[in-house]
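With this note's numbering, letter number 28 in the sequence shown gets 1094, and the count goes up by one each step, no holes.
Written below as structure tokens is the structure these notes are about.
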Amino acid sequence: MKERVEKALDEIRPLLARHLGNVEFVNFENGVVYVRMLGTCNGCPLSRLTLRAGIEGLLKEKVEGVERVEAI
1067 MKERVEKALD EIRPLLARHL GNVEFVNFEN GVVYVRMLGT CNGCPLSRLT LRAGIEGLLK
1127 EKVEGVERVE AI
């Protein structure tokens, strides 16, 4: 699972990097992917939107079994 999630996250990382941000895979458990927002994404008021509309949407589309994404 980790490899599939990382591969999908690699698709969105260039967009985050444009704003000096990044995302790190932490864990997958019971349909939930846990990530850590890094760089300028950490603490950014728009990171929740990025998480839901960008990262979660991408992972649900690309990785079977992902139901939601949570930042820790």
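Even glycine gets a Cβ: it sits at the ideal position worked out from N, Cα and C.
(request) Would you tell me roughly how many angstroms separate the C-alpha atoms of residue 1100 and residue 1078, rounded to the nearest one? (result) Position 34 of the sequence shown, counted from the first residue, corresponds to residue 1100. Position 12 of the sequence shown, counted from the first residue, corresponds to residue 1078. So the alpha carbons of these two residues sit roughly 16 Å apart.
(message) Please state the DSSP three-state secondary structure of residue 1071.
(response) The residue labelled residue 1071 in the question sits at position 5 within the sequence shown. Three-state DSSP puts residue 1071 in a helix.
(message) Within the continuous alpha helix (DSSP H) that includes residue 1124, where are the two ends?
(response) Reading the sequence shown from its first residue, position 58 is the one you call residue 1124. Residue 1124 -> alpha helix (DSSP H) spans 1123-1128.
(message) Using CA atoms only, rank isn't needed, just tell me which of 1071, 1109, 1084 is closest to residue 1094.
(response) Here residue 1094 corresponds to residue number 28 of the sequence shown, with the count starting at 1. Cα-wise, what sits closest to residue 1094 is 1071.
(message) If we require 3 or more residues per run, which beta strand (DSSP E) segments fall completely within the segment 1080-1133?
(response) 1087-1095, 1098-1105
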